[in-house]
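Q: In full-length UniProt numbering, the protein residues as written are 1 to 220. The structure follows.
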């Protein structure tokens, strides 16, 4: 098994939404585990990378694009994937550093902290409302609350391959990772600004893979 790591540094408050809230308290909750640690689901992260990849492919000349679309299908799989077409890469959930989680989990077991303490220390609740364009008064019933993960935190996900990926697959993975700059809910409202980097690939190799993107290999 070949493993790389994708690091996600939060540059702004971010919401890894789970699609629901807490009645009477919050309209939109963040995804978090039983210990209170927020995380980003691997399936969501893979989808975000695939979306950035699709956007990059659209910049290529049609004569070149088809070749790289096939590479993308190999890397990410295709829509409605089966076991045969699910893609070469498995993406784990993105979590905070393991050593931090181990220490805090131990404190929870010792009854020194609770799941709620952990969640509240890593997140905050924000509120926003819609303003009427004519009266400049808040629209009635428009107040919404949502939880955000605090900026400057760093998450890490494992990227797993059964066999070593070739240079073209790594090229597509590198450019898609660097292109991913917005994640989570509220991406178009100032939330979810991130910086993504790959561990396990040297800077020299990273530059080489980036330069490969958009090229067609010569037939020998």
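Ideal Cβ positions, reconstructed from N, Cα and C, are used throughout, including at glycine.
#1: Could you tell me the alpha carbon to alpha carbon distance between residue 212 and residue 16, rounded to whole angstroms?
#2: By the three-class DSSP mapping on this structure, what secondary structure does residue 74 have?
#3: Per DSSP, what are the beta-bridge partners of residue 8 in this structure?
#4: Counting only the same chain and skipping the five closest in sequence on each side, list residues whose C-beta sits under 8 Å from that of residue 31.
#5: Along the chain, where does the alpha helix (DSSP H) that runs through residue 209 open and close?
#6: Near residue 209, which residues of its chain fall below 7 Å by C-beta distance, leaving aside the five closest residues on each side in sequence?
#7: If you compare alpha carbons, which of 88, 113, 190 is closest to residue 151?
#8: Give the DSSP-derived three-state secondary structure of residue 3 in the structure shown.
#9: Would you decide whether residue 109 is buried or exposed? Buried here means 16 or more other CB atoms lie within 10 Å of its CB.
#10: Going by DSSP, what residue range makes up the beta strand (DSSP E) through residue 145?
#11: Using 8 Å for Cβ pairs, my map puts residue 8 next to residue 154. What's the rounded Cβ distance?
#12: Once DSSP output is grouped into helix, strand and coil, what is the label at residue 107?
#13: Report yes if the CB atom of residue 177 is closer than 8 Å to the CB atom of residue 147, and no otherwise.
#14: Helix, strand or coil for residue 175? Go by DSSP, reduced to three states.
#15: Per the DSSP calculation, residue 28 is bridged to which residue(s)?
#16: Could you tell me the boundaries of the beta strand (DSSP E) in which residue 91 lies?
#17: Run the CB neighbour count on residue 186, radius 10 Å, all protein chains shown included, and call it buried at 16 or more, exposed below.
#18: Let me know the secondary structure DSSP gives residue 56 once reduced to three states.
#19: Once the 5 residues before and after residue 46 are set aside, which same chain residues still bring their CB inside 7 Å of it?
A: Quick answer:
#1: Mapped onto the chain shown, residue 212 falls at position 212. Mapped onto the chain shown, residue 16 falls at position 16. Roughly 32 Å separates the two Cα atoms.
#2: The residue you call residue 74 lines up with position 74 of the chain shown. Note: residue 74 maps to helix in three-state DSSP.
#3: Start at 1 with the first residue of the chain shown, and residue 8 comes out as number 8. Paired residue(s): 155, 196.
#4: Walking along the chain shown from the start, residue 31 turns up at place 31. Within the same chain, residue 31 has close Cβ partners 16, 17, 18, 38, 39, 40, 41.
#5: Sequence index remark: in the chain shown, residue 209 carries index 209 (1-based). Looking at the DSSP string, the run of the alpha helix (DSSP H) that includes residue 209 is 203-212.
#6: If you number the chain shown from 1, residue 209 lands on position 209. 167, 170, 171, 174, listed in sequence order.
#7: Position 151 of the chain shown, counted from the first residue, corresponds to residue 151. Out of 88, 113, 190, 190 has the C-alpha closest to the C-alpha of residue 151.
#8: In the chain shown, residue 3 corresponds to position 3, counting from 1. Looking at residue 3 - three-state DSSP - the assignment turns out to be strand.
#9: Sequence index remark: in the chain shown, residue 109 carries index 109 (1-based). Exposed: under 16 other Cβ atoms inside 10 Å.
#10: Locating residue 145 in the chain shown gives position 145, where the first residue counts as 1. Segment 144-149, the beta strand (DSSP E) holding residue 145.
#11: As a working note, residue 8 is residue 8 in the chain shown. As a working note, residue 154 is residue 154 in the chain shown. Contact between residue 8 and residue 154 holds, with the beta-carbon distance rounding to 7 Å and staying under 8 Å.
#12: As a first step, residue 107 must be located in the chain shown, where it is residue number 107. Three-state DSSP puts residue 107 in a helix.
#13: As a first step, residue 177 is located in the chain shown; it is residue number 177 there, counting from the start. As a first step, residue 147 is located in the chain shown; it is residue number 147 there, counting from the start. For residue 177 and residue 147, no; Cβs fall outside 8 Å.
#14: Within the chain shown, numbered from 1, the residue matching residue 175 stands at position 175. Residue 175 falls in the helix class under three-state DSSP.
#15: One-based indexing of the chain shown puts residue 28 at position 28. Note: residue 28 sits in a beta bridge opposite 146.
#16: In the chain shown, counting from the first residue as 1, residue 91 sits at position 91. Where residue 91 is concerned, the enclosing beta strand (DSSP E) stretches over 89-91.
#17: Working through the chain shown from its first residue, we reach residue 186 at position 186. Its Cβ being crowded by 16 or more others within 10 Å, residue 186 is buried.
#18: Locating residue 56 in the chain shown gives position 56, counting from the first residue. Residue state, collapsed to three classes: helix.
#19: Taking the chain shown and counting its residues from 1, the one referred to as residue 46 is at position 46. 76, 91, listed in sequence order.
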